[in-house]
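The structure under discussion appears below in the form of structure tokens.
In the working numbering, the protein residues as written are 72 to 445.
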């Protein structure tokens, strides 16, 4: 079943992250713009929602993955092994090539720039990637730590790829949620329930407090999936609730963008979660936007992991850290790099992410064969 409106949201969120990072790489800060006008103010405003887009990703993940876990328990189809296979093929099939590409782009960019940028000297411009306190780390411990989702816990994010921080959060939420759900579910055998509780407690003790607090954003999405399956679903899908939540979301985003708002991530998560029952109720059609929505939704994960080290290579290595005042020349460079990044991301998606189901079936077949008696 296709949820095209959720694909659209996911695609827009991935593009928001790309647009925000590229603007930070290429253009001076808004406060340093020499000639401000409506166009420049709109450009800086609309490209300033990258972090909020990651919050949207977390809420969507909780809605889709948390809801799927609950459904499988409810229909007696739950399997920890099948769940692990689905999640790890999904994560690793994009992450492993992304780490290899990060290393390649960083080596090339570092050679061209003499290490400038990778040493963290431009962190105050970009607010992501290498910093002076934590320059790019492409060593084997960092690589292995990122492979096993320990970035920002035990190791740094690998190389220049700052956005990898959120992938560690996703992995641990994927792990902890079914442990907690199984521990609370009445059909779980007592010994397995105890094991799940022990593992959940161990994960909670191991993770930083910020990880656990961020999990509430993910759980807001799961809560929306519960409501969407409950007797309150008609009310949750109603137009007044949807448009009220959408208006609240827009208000929170704008207020936080221009004035700052304490706890903005949580307000964003709650408002967006309230829109999900209605968005998810749309299960397909023939509208013109559905094709692009599916494409950008399907490729959003690859774009998210691919874009930053590529932009760092271009900015640090090719452009030698140059920044523009907003204007025709800068916007032309910006548009060209967006197109180049999307084309490169599409190639990586075509080589790897689009084969997720194929790889999943192959791994499942191999595991099944291994379990067969000789």
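Note that CB positions come from ideal geometry on N, CA and C, so glycine has one too.
Since the model is a prediction, treat every value here as computed from it, not as a measurement.
Beta-carbon separation (whole angstroms), residue i vs residue j, contact threshold 8 Å
{"i": "residue 396", "j": "residue 97", "result": "Actually they do not touch by this definition, with Cβ atoms about 10 Å apart."}
{"i": "residue 156", "j": "residue 430", "result": "With 8 Å as the limit, residue 156 and residue 430 do not qualify as a contact, their Cβ atoms being about 10 Å apart."}
{"i": "residue 465", "j": "residue 178", "result": "This structure cannot speak to residue 465, because the chain is shown only from 72 to 445."}
{"i": "residue 291", "j": "residue 312", "result": "Their Cβ separation, rounded to whole angstroms, is 15 Å, which puts residue 291 and residue 312 out of contact at 8 Å."}
{"i": "residue 392", "j": "residue 216", "result": "About 28 Å separates the two Cβ atoms, so there is no contact after all."}
{"i": "residue 79", "j": "residue 360", "result": "7 Å"}
{"i": "residue 295", "j": "residue 134", "result": "5 Å"}
{"i": "residue 119", "j": "residue 91", "result": "6 Å"}
{"i": "residue 309", "j": "residue 373", "result": "The Cβ separation is near 36 Å, so there is no contact."}
{"i": "residue 250", "j": "residue 221", "result": "With a Cβ gap of about 18 Å, residue 250 and residue 221 do not count as contacting."}
{"i": "residue 335", "j": "residue 327", "result": "4 Å"}
{"i": "residue 424", "j": "residue 165", "result": "5 Å"}
{"i": "residue 199", "j": "residue 230", "result": "With 8 Å as the limit, residue 199 and residue 230 do not qualify as a contact, their Cβ atoms being about 12 Å apart."}
{"i": "residue 252", "j": "residue 123", "result": "With 8 Å as the limit, residue 252 and residue 123 do not qualify as a contact, their Cβ atoms being about 28 Å apart."}
{"i": "residue 447", "j": "residue 117", "result": "The structure shown has nothing for residue 447, since the chain only spans 72 to 445."}
Alpha carbon of residue i to alpha carbon of residue j, nearest angstrom
{"i": "residue 235", "j": "residue 241", "result": "10 Å"}
{"i": "residue 269", "j": "residue 254", "result": "10 Å"}
{"i": "residue 440", "j": "residue 297", "result": "37 Å"}
{"i": "residue 343", "j": "residue 130", "result": "8 Å"}
{"i": "residue 237", "j": "residue 213", "result": "16 Å"}
{"i": "residue 287", "j": "residue 300", "result": "20 Å"}
{"i": "residue 95", "j": "residue 364", "result": "26 Å"}
{"i": "residue 224", "j": "residue 232", "result": "16 Å"}
{"i": "residue 369", "j": "residue 406", "result": "22 Å"}
{"i": "residue 338", "j": "residue 183", "result": "43 Å"}
{"i": "residue 387", "j": "residue 400", "result": "19 Å"}
{"i": "residue 352", "j": "residue 138", "result": "14 Å"}
{"i": "residue 121", "j": "residue 87", "result": "5 Å"}
{"i": "residue 136", "j": "residue 106", "result": "46 Å"}
{"i": "residue 144", "j": "residue 322", "result": "37 Å"}
{"i": "residue 331", "j": "residue 325", "result": "9 Å"}
{"i": "residue 192", "j": "residue 203", "result": "6 Å"}
{"i": "residue 412", "j": "residue 419", "result": "11 Å"}
{"i": "residue 307", "j": "residue 195", "result": "42 Å"}
{"i": "residue 329", "j": "residue 246", "result": "36 Å"}
{"i": "residue 75", "j": "residue 185", "result": "45 Å"}
{"i": "residue 244", "j": "residue 284", "result": "11 Å"}
{"i": "residue 267", "j": "residue 248", "result": "10 Å"}
{"i": "residue 84", "j": "residue 375", "result": "9 Å"}
{"i": "residue 408", "j": "residue 147", "result": "48 Å"}
{"i": "residue 265", "j": "residue 152", "result": "18 Å"}
{"i": "residue 403", "j": "residue 169", "result": "27 Å"}
{"i": "residue 280", "j": "residue 273", "result": "13 Å"}
{"i": "residue 382", "j": "residue 174", "result": "13 Å"}
{"i": "residue 319", "j": "residue 438", "result": "48 Å"}
{"i": "residue 410", "j": "residue 385", "result": "13 Å"}
{"i": "residue 390", "j": "residue 422", "result": "28 Å"}
{"i": "residue 112", "j": "residue 197", "result": "18 Å"}
{"i": "residue 305", "j": "residue 126", "result": "26 Å"}
{"i": "residue 29", "j": "residue 347", "result": "For the chain, the structure presents residues 72 to 445; residue 29 sits outside this window and is missing."}
{"i": "residue 150", "j": "residue 259", "result": "11 Å"}
{"i": "residue 114", "j": "residue 101", "result": "10 Å"}
{"i": "residue 163", "j": "residue 109", "result": "43 Å"}
Residues sharing a beta bridge with residue i, DSSP
{"i": "residue 394", "result": "Paired residue(s): none; residue 394 is not in a bridge."}
{"i": "residue 226", "result": "222"}
{"i": "residue 208", "result": "229 and 230"}
Boundaries of the alpha helix (DSSP H) in which residue i is found, first to last residue
{"i": "residue 151", "result": "151-184"}
{"i": "residue 248", "result": "236-255"}
{"i": "residue 335", "result": "335-352"}
{"i": "residue 373", "result": "361-383"}
{"i": "residue 300", "result": "Note, residue 300: premise wrong, no alpha helix (DSSP H); not H, not E."}
{"i": "residue 264", "result": "261-277"}
{"i": "residue 143", "result": "138-145"}
{"i": "residue 328", "result": "310-329"}
{"i": "residue 194", "result": "194-197"}
{"i": "residue 443", "result": "Counting along the chain, residue 443 falls outside any alpha helix (DSSP H), and DSSP gives it neither H nor E."}
{"i": "residue 132", "result": "121-132"}
8 Å Cβ cutoff, residue i in contact with chain E
{"i": "residue 340", "result": "Included in the structure is just one protein chain, with no chain E present."}
Segments of 4+ residues assigned as alpha helix (DSSP H) that fall wholly inside the stretch 399-434: 399-422
Completely contained alpha helix (DSSP H) runs for the stretch 85-117, where each covers 4 or more residues: 109-117
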